[in-house]
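**Q** Got a structure here, written out as structure tokens. Questions coming.
There are 2 protein chains.
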Amino acid sequence: MKCTPDIDLRDVEEMNINIDPIQAAGRLTADAMKAVIAYGDGYSVCDNCRKPFRLDYIEKPPIATFHDDLAAFVGMDEARVVPGARRGFQAVAGTYVQKGDPVVLTALSHYTEFIAVENAGGVPHEIPKDENNIIRADAAAERIEEVTRASGRPPVLLFIDHVDYQFGNLHEVQEIARVAHGYDIPVLLNGAYTVGTMPVDGKALGVDFVVGSGHKSMAAPAPSGVLATTAERAEEVFRTTQIKGDLTGRTFGIKEVEMMGCTLMGVTLMGMMASFPHVRARVDRWDEELANGRIVLDALRSIEGTVVKSEMPRRHTLTRVDTSASFDLIAETHKKRGFFLSSALNKKGIVGVIPGATKVWKFNTYGISRAQAEYVAAAYIEIAEENGLSVVSP
Amino acid sequence: MKCTPDIDLRDVEEMNINIDPIQAAGRLTADAMKAVIAYGDGYSVCDNCRKPFRLDYIEKPPIATFHDDLAAFVGMDEARVVPGARRGFQAVAGTYVQKGDPVVLTALSHYTEFIAVENAGGVPHEIPKDENNIIRADAAAERIEEVTRASGRPPVLLFIDHVDYQFGNLHEVQEIARVAHGYDIPVLLNGAYTVGTMPVDGKALGVDFVVGSGHKSMAAPAPSGVLATTAERAEEVFRTTQIKGDLTGRTFGIKEVEMMGCTLMGVTLMGMMASFPHVRARVDRWDEELANGRIVLDALRSIEGTVVKSEMPRRHTLTRVDTSASFDLIAETHKKRGFFLSSALNKKGIVGVIPGATKVWKFNTYGISRAQAEYVAAAYIEIAEENGLSVVSP
Numbered sequence: 001m002k003c004t005p006d007i008d009l010r011d012v013e014e015m016n017i018n019i020d021p022i023q024a025a026g027r028l029t030a031d032a033m034k035a036v037i038a039y040g041d042g043y044s045v046c047d048n049c050r051k052p053f054r055l056d057y058i059e060k061p062p063i064a065t066f067h068d069d070l071a072a073f074v075g076m077d078e079a080r081v082v083p084g085a086r087r088g089f090q091a092v093a094g095t096y097v098q099k100g101d102p103v104v105l106t107a108l109s110h111y112t113e114f115i116a117v118e119n120a121g122g123v124p125h126e127i128p129k130d131e132n133n134i135i136r137a138d139a140a141a142e143r144i145e146e147v148t149r150a151s152g153r154p155p156v157l158l159f160i161d162h163v164d165y166q167f168g169n170l171h172e173v174q175e176i177a178r179v180a181h182g183y184d185i186p187v188l189l190n191g192a193y194t195v196g197t198m199p200v201d202g203k204a205l206g207v208d209f210v211v212g213s214g215h216k217s218m219a220a221p222a223p224s225g226v227l228a229t230t231a232e233r234a235e236e237v238f239r240t241t242q243i244k245g246d247l248t249g250r251t252f253g254i255k256e257v258e259m260m261g262c263t264l265m266g267v268t269l270m271g272m273m274a275s276f277p278h279v280r281a282r283v284d285r286w287d288e289e290l291a292n293g294r295i296v297l298d299a300l301r302s303i304e305g306t307v308v309k310s311e312m313p314r315r316h317t318l319t320r321v322d323t324s325a326s327f328d329l330i331a332e333t334h335k336k337r338g339f340f341l342s343s344a345l346n347k348k349g350i351v352g353v354i355p356g357a358t359k360v361w362k363f364n365t366y367g368i369s370r371a372q373a374e375y376v377a378a379a380y381i382e383i384a385e386e387n388g389l390s391v392v393s394p
Numbered sequence: 001m002k003c004t005p006d007i008d009l010r011d012v013e014e015m016n017i018n019i020d021p022i023q024a025a026g027r028l029t030a031d032a033m034k035a036v037i038a039y040g041d042g043y044s045v046c047d048n049c050r051k052p053f054r055l056d057y058i059e060k061p062p063i064a065t066f067h068d069d070l071a072a073f074v075g076m077d078e079a080r081v082v083p084g085a086r087r088g089f090q091a092v093a094g095t096y097v098q099k100g101d102p103v104v105l106t107a108l109s110h111y112t113e114f115i116a117v118e119n120a121g122g123v124p125h126e127i128p129k130d131e132n133n134i135i136r137a138d139a140a141a142e143r144i145e146e147v148t149r150a151s152g153r154p155p156v157l158l159f160i161d162h163v164d165y166q167f168g169n170l171h172e173v174q175e176i177a178r179v180a181h182g183y184d185i186p187v188l189l190n191g192a193y194t195v196g197t198m199p200v201d202g203k204a205l206g207v208d209f210v211v212g213s214g215h216k217s218m219a220a221p222a223p224s225g226v227l228a229t230t231a232e233r234a235e236e237v238f239r240t241t242q243i244k245g246d247l248t249g250r251t252f253g254i255k256e257v258e259m260m261g262c263t264l265m266g267v268t269l270m271g272m273m274a275s276f277p278h279v280r281a282r283v284d285r286w287d288e289e290l291a292n293g294r295i296v297l298d299a300l301r302s303i304e305g306t307v308v309k310s311e312m313p314r315r316h317t318l319t320r321v322d323t324s325a326s327f328d329l330i331a332e333t334h335k336k337r338g339f340f341l342s343s344a345l346n347k348k349g350i351v352g353v354i355p356g357a358t359k360v361w362k363f364n365t366y367g368i369s370r371a372q373a374e375y376v377a378a379a380y381i382e383i384a385e386e387n388g389l390s391v392v393s394p
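The listed protein sequences correspond, in order, to chains R and B. Just so we're aligned, residue 1 is where the first sequence starts under full-length UniProt numbering, counting upward by one. Just so we're aligned, residue 1 is where the second sequence starts under full-length UniProt numbering, counting upward by one.
Written out as structure tokens, the structure reads:
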């Protein structure tokens, strides 16, 4: 079916159970869909923009209030909306990182953190992961010490993923922040997989910046996200423009340099706002989400040869499995090769896993119901059994 | 009426004639509205993202083709979508401007160009406008020469607004680009008011970069925009990541540093794409748009005391007028003060002019029909006459 003459209709979410690793928690709520329809036009939020002419001051629609709510939601003092978590990383790196400065990331940092560092001219240093793919505070302490000695000064910024994109593991954020602060290193929490899915309290974690993704985890349209910080750091990262026209003497009010002025002037912000009451409520149902994830994972584990690569027990719905010794054995001789698995799943209305992947792959059960989780679990077992794999209770 | 419990329904475009200076050309087309509904979910364009995993390579929906079409549309070799024109300025400034570098802008440059320069640490130098508020090549030549002498080296980048936000005037872009190239200065054309409304050919203008705004002039949701360039400059501004994890050895494929990887992964891009065939067609009807603008402006000029501040004859639908000696005289004694004008207009279903403004103000007739232009023209005359102002044919 066509959406426009050149564009197919997208009905992935309506017609299937989607367990895509990055799409699961960015599906719109019904309220966000309504807001998207009402606020689709370009500068749709600017109807009532009055002095001092900045997005986060607009009261109608209630954008100002939303900014306060957003800061409180992640346990910080100040928040701004940004065009994706990556633009939050860029703003923080742009503020603290000068050319040649050492910056600490981790062996599980997302590529957008690296690019933010590259863009600012920083030199990346990774904290290694342990044998269970967890970033630990002792490794952080060791690496910071080593980098400080080698660079002759402490790193200027540390990025830590709350939950990483590779394994969906939780890391020792609080302890790492404490270590970093011993060297006066500001700490940025990448909450792209956590802000909007599970409870996140930046102050309790002791971090300086909390970055979240609207389109990844807050049921919002792309690109959207949040950059939240403490009152102290807000003066730095949200500094206002000082530049002046040398002939005209023009100055530019209270626009913020790293935000490039206003950020999300329409549909993305309104979708985020419309979903927000639902998002705020859903983080308290995180246990149910984990339970649904367990149902699917237990099924996969019951298929002989399947290995879970993520930490166990699971503390996030994004999970990495290795089916080299189960589904991939079938792929070796199946006429559809590795595509047999995604093809069988698609026939059952389950989508979101990379077609052809039968070795190491990821899935995310976020947002599906218990009944859907049981359906997905049964589907995997059925496909395994149909293809002659042994299924044993784990 | 409510959109959600916390958000009012927005029906500004459905229920009124909107002559807002920045909103007029960002109103969605019907096809964009359909795309917004179908692609509202977070990462909605990523269903079929395959190696090399970059937005502009996705074939389904036809994002790759759209990028080619977009470059051709503005007469350049390569194009990328960005979260607003300002993020295009930021990418170019980030590529060419180092701390302390002289940069040339104009006395009519938009604030986001200044902030892009500030963000990169550049030092701004304005080309003055002439007495008719036009930026001329001779003034550019003089200023470049002066800045080069004072800085001991030529400026590293020049920004020129195709049509400026203050007067809606067209400037001597082609001639200025020629002058700048004499000093090897790359030239960025800010086409926020022109790309998507009138024909723009970057190669013919001789500029290195064409930046356009989706939400301002391409009937697209916010934030969206385009950064287009020549094959030569593309290697610089679209350079791919070189950073490497120092422990893991990880590299990050062909993601582009200034783009921060992928940019518009959902609704904004799809709205832009769905509107594009209509936008491509509408720039050829620019004369009709100018004619409609003239109908409204002639009516305003017929109200004694009104002065047009923009260049005449008009070459853009964004126009600045001074009604200090017409409508503002009424405001002095009217019980609604300056609000009488916007209030009277609103009653007639005309919106988009700042409430209370009766001295110097702007309007943009882009996208309204001839019948609507005649209605707006008649409304202004009626309001003038009702308040005792003289109306004379210009």
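Each residue gets a CB set at the ideal place from its N, CA and C atoms; glycine is no exception. In this text the structure is predicted, and so the values were computed from the model without any measurement.
Taking the alpha carbon of residue 126 of chain R as the reference point, which residue from R:158, R:334 and R:120 has its own alpha carbon closest?
**A** Nearest C-alpha to residue 126 of chain R: R:158.
**Q** Identify every residue that forms a DSSP beta bridge with residue 363 of chain B.
**A** For residue 363 of chain B, which the question treats as bridged, DSSP gives the partners B:319.
**Q** Tell me which same chain residues have a C-beta within less than 6 Å of the C-beta of residue 163 of chain B, skipping the five on either side of it?
**A** For residue 163 of chain B, where only same-chain residues beyond five positions count, the Cβ hits under 6 Å are 170, 193, 194 and 316.
**Q** Using only alpha-carbon positions, find the residue among R:373, R:349, R:367 and R:333 that is nearest to residue 358 of chain R.
**A** Looking at the Cα atoms, R:333 is the closest of the given residues.
**Q** Could you check whether residue 75 of chain B and residue 32 of chain R sit closer than 8 Å to each other, using their CB atoms as the reference points?
**A** No, the pair does not count as a contact, with Cβ atoms beyond the cut-off.
**Q** Over what stretch of residues does the alpha helix (DSSP H) that includes residue 159 of chain R continue unbroken?
**A** That residue, residue 159 of chain R, is in no alpha helix (DSSP H); its beta strand (DSSP E) goes 158-161.
**Q** Along the chain, where does the alpha helix (DSSP H) that runs through residue 80 of chain B open and close?
**A** Residue 80 of chain B -> not in any alpha helix (DSSP H); beta strand (DSSP E) instead, spanning 78-82.
**Q** Within 10 Å of its beta-carbon, does residue 398 of chain R have 16 or more other beta-carbons around it, so buried, or fewer, so exposed?
**A** Residue 398 of chain R lies beyond the stretch modelled for chain R, which goes from 1 to 394, so this question has no answer here.
**Q** Taking C-alpha atoms, which residue in R:353, R:354, R:345 and R:352 lies nearest to residue 384 of chain R?
**A** Among R:353, R:354, R:345 and R:352, the Cα nearest to that of residue 384 of chain R is on R:345.
**Q** For residue 35 of chain R, which residues of its own chain have a beta-carbon under 6 Å away from its beta-carbon, when the five flanking residues on both sides are left out?
**A** 270, 271 and 274.
**Q** Just curious, the beta strand (DSSP E) that residue 127 of chain B is in, first and last residue?
**A** Per DSSP, residue 127 of chain B belongs to the beta strand (DSSP E) from 123-127.
**Q** Any idea what DSSP makes of residue 95 of chain R, helix, strand or coil?
**A** Note: residue 95 of chain R maps to helix in three-state DSSP.
**Q** Starting from residue 13 of chain B, find everything on chain R with Cβ-Cβ shorter than 7 Å and list it in chain order.
**A** Per Cβ cutoff of 7 Å: 41.
**Q** Counting only Cβ-Cβ distances shorter than 7 Å, please list the residues of the region 43-57 of chain R near chain B, keeping chain order.
**A** Cβ contacts with chain B: 43, 44, 46 and 47.
**Q** Closer than 8 Å, CB to CB, is residue 252 of chain B near chain R or not?
**A** So yes, residue 252 of chain B belongs to the interface.
**Q** Tell me which residues of the region 145-158 of chain R have at least one Cβ-Cβ distance to chain B shorter than 7 Å, keeping chain order.
**A** If the cut-off is 7 Å between Cβ atoms, the region 145-158 of chain R has nothing near chain B.
**Q** Write down the C-beta distance between residue 219 of chain R and residue 27 of chain R rounded to the nearest angstrom, noting that I regard them as a contact closer than 8 Å.
**A** About 6 Å; that satisfies the 8 Å criterion.
**Q** Is residue 111 of chain R close to chain B? Criterion is C-beta to C-beta, closer than 8 Å.
**A** It does; some Cβ of chain B falls within 8 Å.
**Q** Anything in the region 260-273 of chain R with a Cβ closer than 9 Å to a Cβ of chain B? List those residues in chain order, please.
**A** Against chain B - using a Cβ distance shorter than 9 Å - the residues of the region 260-273 of chain R are 260, 261, 262, 263, 264, 265, 266, 267, 268, 269, 270, 271 and 273.
**Q** Which one or two residues does DSSP pair with residue 187 of chain R in a beta bridge?
**A** Paired residues: R:158.
**Q** Give me the subset of the region 316-335 of chain R whose CB atoms are less than 8 Å from a CB atom of chain B, sorted by chain position.
**A** Hits within the stretch: zero.
**Q** Starting from the beta carbon of residue 303 of chain B, find every residue of chain R whose beta carbon is closer than 9 Å, and list them in chain order.
**A** Correct list: empty, because the minimum Cβ distance to chain R is about 26 Å.
**Q** Could you tell me which chain B residues have their CB closer than 9 Å to the CB of residue 171 of chain R, listed as they occur along the chain?
**A** Ordered by position in chain B, no residue passes the 9 Å Cβ test against residue 171 of chain R, which lies about 15 Å from the chain.
**Q** Rounded to a whole number of angstroms, what is the C-alpha to C-alpha distance between residue 91 of chain B and residue 266 of chain B?
**A** Cα-Cα distance, rounded: 21 Å.
**Q** Contact defined as beta carbons within less than 8 Å: I believe residue 225 of chain B pairs with residue 88 of chain B. What is the distance between those atoms, to the nearest angstrom?
**A** About 6 Å separates the two Cβ atoms, so the contact holds.
**Q** How far does the alpha helix (DSSP H) with residue 148 of chain R in it extend, from its first residue to its last?
**A** Where residue 148 of chain R is concerned, the enclosing alpha helix (DSSP H) stretches over 137-151.
**Q** Is any beta-carbon of chain R found at less than 8 Å from that of residue 359 of chain B?
**A** So no, residue 359 of chain B is outside the interface.
**Q** Just grab the DSSP bridge partners of residue 228 of chain R for me.
**A** Paired residues: R:79 and R:210.
**Q** At what residues does the beta strand (DSSP E) containing residue 2 of chain B begin and finish?
**A** 2-4 is the extent of the beta strand (DSSP E) around residue 2 of chain B.
**Q** Starting from residue 102 of chain B and walking both ways along the beta strand (DSSP E), at which residues does that stretch end?
**A** It spans 102-106 - the beta strand (DSSP E) in which residue 102 of chain B sits, taken as one unbroken run.
**Q** At 7 Å on the CB atoms, spell out the chain R contacts of residue 33 of chain B, in chain order.
**A** Here the neighbours are 40.
**Q** If we count Cβ pairs, one from each stretch, closer than 8 Å, do we get three or more for the region 46-53 of chain R versus the region 210-219 of chain R?
**A** No contact exists between the region 46-53 of chain R and the region 210-219 of chain R.
**Q** For a quick check, are the C-beta atoms of residue 308 of chain B and residue 297 of chain B less than 8 Å apart?
**A** Closer than 8 Å, so yes.
**Q** If distances are taken between C-alpha atoms only, which option among B:247, B:302 and B:209 comes closest to residue 379 of chain B?
**A** Ranking B:247, B:302 and B:209 by Cα distance to residue 379 of chain B puts B:302 first.
**Q** So with Cβ pairs under 8 Å, would you call residue 114 of chain R a contact of chain B?
**A** Yes, because at least one Cβ of chain B sits closer than 8 Å to the Cβ of residue 114 of chain R.
**Q** Residue 246 of chain B CB to nearest chain R CB: under 8 Å?
**A** Interface residue, yes.
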